[in-house]
Amino acid sequence: MLRRWRPPPPPEEETAPPHPLDAAADATFSALDAAMLHAKPAHLTNRLPPARASWVDEANTQKAQAHGVTIIGAARERRTPPTPPVSRAAPPGTPHDAQRAEAERQRALRAEALADAMIKAHASREAVLSEATAAVELLRRQAEQSERELVECRAELLGARQEAAAAKAALDAEKAAGLRAQRELQRVARELAEAGRGVARERASWEKARAKQLRELEQTRAALAKAKEEMRAAARDVARERAASETLRCELERERAHGASLQEKVEELHRAAREQKRSFDVTLATSEKGSREEVRVVKRALAEAQRQREEMAEELREMRRRLEQPSLAPAAEEEALAQQLYRVSIDKVRSSNGPHS
Numbered sequence: 001m002l003r004r005w006r007p008p009p010p011p012e013e014e015t016a017p018p019h020p021l022d023a024a025a026d027a028t029f030s031a032l033d034a035a036m037l038h039a040k041p042a043h044l045t046n047r048l049p050p051a052r053a054s055w056v057d058e059a060n061t062q063k064a065q066a067h068g069v070t071i072i073g074a075a076r077e078r079r080t081p082p083t084p085p086v087s088r089a090a091p092p093g094t095p096h097d098a099q100r101a102e103a104e105r106q107r108a109l110r111a112e113a114l115a116d117a118m119i120k121a122h123a124s125r126e127a128v129l130s131e132a133t134a135a136v137e138l139l140r141r142q143a144e145q146s147e148r149e150l151v152e153c154r155a156e157l158l159g160a161r162q163e164a165a166a167a168k169a170a171l172d173a174e175k176a177a178g179l180r181a182q183r184e185l186q187r188v189a190r191e192l193a194e195a196g197r198g199v200a201r202e203r204a205s206w207e208k209a210r211a212k213q214l215r216e217l218e219q220t221r222a223a224l225a226k227a228k229e230e231m232r233a234a235a236r237d238v239a240r241e242r243a244a245s246e247t248l249r250c251e252l253e254r255e256r257a258h259g260a261s262l263q264e265k266v267e268e269l270h271r272a273a274r275e276q277k278r279s280f281d282v283t284l285a286t287s288e289k290g291s292r293e294e295v296r297v298v299k300r301a302l303a304e305a306q307r308q309r310e311e312m313a314e315e316l317r318e319m320r321r322r323l324e325q326p327s328l329a330p331a332a333e334e335e336a337l338a339q340q341l342y343r344v345s346i347d348k349v350r351s352s353n354g355p356h357s
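In our numbering, the protein residues as written are 1 to 357.
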């Protein structure tokens, strides 16, 4: 606020009634103070140091003073009271005239000081108004810039929100995919664990079956060794049987030759019997009165011939049966015997190992 200049009070002996301009000066200073308070921004007032709270700039003050010289002179001329008429009652130079002159001089000084203060206040007000206008314009530009920046920031914020929403959606999708992949991995892990347990069980059962098969293999090897021994013994028996069959073949050949000779003898006997029967029939036909003794002799001869014929036929059947036996084929008999012994040994091994072998 402006510092109001008040003239020093006159001495008591020079006390004069207040001039009408004093009240006007007080009202003017109050109006200037109110205008300064309303016109000057608070940030400019607070920014000024306390020593310069009333004056903004010394250069402005000097310019205002240089500009207001004429105004001050005019104010002096306008506010200088007219020369009072010379009192006829008292000669000039009386004490009353001196007091009046001093009062006039004081009023003139006060008016000059008031004019200077008004000029300074006007200059300060113009400076403050220019600064306030510049500050308001700067603030307006800053506000417009801030508004534009705010719009840009809002647009960027909207874009950022949209990008954040898209990123959040993508993140949610990735989280869902990750959860699905995690569940799939857990399922695969469970399946792998179950498969591992199944493989362990299968391996244990396989090991058990392999141990059982190894035991069965050992038993089979032992049985095969035993069967080989039995086959060797059977081969020795077959060799003995072969030698015996060779001996029997020789005997059969001899018997066959003997049978052929017997067959010839039988044929001769048959022929002789037929001849005897024919002769007997001739004898019976020629002599019906033959003796019974001759008949009995002939019958005995016929019975003996029949008996010999039956014996020879029995011998021939026996020879044929021996010739038709399989022992006459030693190689086939040996092979069949070996196969039979092998099957018997395998059956023994399987029966000893149980039904699952």
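Quick reminder that beta carbons are idealized off the backbone N, C-alpha and C, glycines included. Please read these numbers as outputs of a predicted model, since none were measured by experiment.
Close-in-space but distant-in-sequence residues of the same chain around residue i (CB under 8 angstroms, 5 per side omitted)
i      : result
LEU44  : At LEU44, the pLDDT of 45 sits below 50, so the modelled position is not reliable; the number obtained from the coordinates is stated separately. Same-chain partners within the cutoff: VAL128, GLU131, ALA132 and ALA135.
LEU179 : none
Rounded separation between residue i and residue j - CA only
i      : j      : result
SER124 : LEU139 : 21 angstroms
PRO49  : ALA27  : Note that PRO49 scores 46 on pLDDT, short of 50, meaning its location in the model is unreliable; the coordinates nonetheless yield the value given after this. The straight-line gap from Cα to Cα measures roughly 27 angstroms.
ALA167 : ALA176 : 14 angstroms
GLN213 : ALA223 : 14 angstroms
ARG317 : VAL282 : 35 angstroms
ARG203 : ALA189 : 20 angstroms
ARG240 : LYS265 : 36 angstroms
ALA200 : LEU217 : 25 angstroms
GLN306 : ARG249 : 30 angstroms
GLU147 : SER30  : 39 angstroms
GLN186 : GLU144 : 60 angstroms
GLU267 : ALA243 : 35 angstroms
ALA193 : ALA211 : 26 angstroms
ARG256 : ARG221 : 48 angstroms
ARG254 : VAL238 : 23 angstroms
LYS299 : ARG321 : 33 angstroms
TRP206 : GLN182 : 35 angstroms
GLU184 : GLY196 : 18 angstroms
ALA170 : LEU157 : 19 angstroms
HIS258 : ARG296 : 33 angstroms
ARG271 : GLN308 : 14 angstroms
ASP97  : LEU109 : 18 angstroms
ARG100 : ALA117 : 25 angstroms
GLY159 : GLU126 : 48 angstroms
ALA358 : ALA260 : No answer is possible for residue 358: the residues shown for the chain start at 1 and end at 357.
GLU137 : ASP172 : 50 angstroms
THR247 : LEU269 : 32 angstroms
Assigned exposure category for residue i - 16 Cβ within 10 Å defines buried
i      : result
LYS226 : exposed
LYS208 : exposed
ALA245 : Going by the sequence as given, residue 245 is Ser instead of Ala. Burial call: buried.
ARG141 : exposed
LEU262 : buried
LEU114 : buried
CYS153 : exposed
ARG105 : exposed
ALA389 : The structure shown does not extend to residue 389, since the chain spans only 1 to 357, so no value can be given for it.
ALA164 : exposed
ALA111 : buried
Beta-carbon proximity list for residue i, same chain, < 6 angstroms, skipping 5 on both sides
i      : result
ALA301 : none
GLU174 : none
GLU251 : none
Own chain, CB closer than 7 angstroms to residue i, minus 5 neighbours either side, in chain order
i      : result
ARG161 : none
Residue i Cβ short of 8 angstroms to the ligand SAM heavy atom set
i      : result
ALA272 : The ligand SAM is not part of this structure, which contains no ligands at all.
Residue i in three-state terms, based on DSSP
i     : result
HIS67 : Reliability of the predicted coordinates at HIS67 is poor, the pLDDT of 48 falling under 50, and no value is obtained from them.
LEU44 : With a pLDDT of 45 at LEU44, under the threshold of 50, the modelled position of this residue cannot be trusted; read the value that follows with caution. Looking at LEU44 - three-state DSSP - the assignment turns out to be helix.
Contact between the region 218–236 and the region 272–279: three or more CB pairs below 8 angstroms? Look at the beta carbons and you see the region 218–236 not touching the region 272–279: under three pairs across the two are nearer than 8 angstroms.
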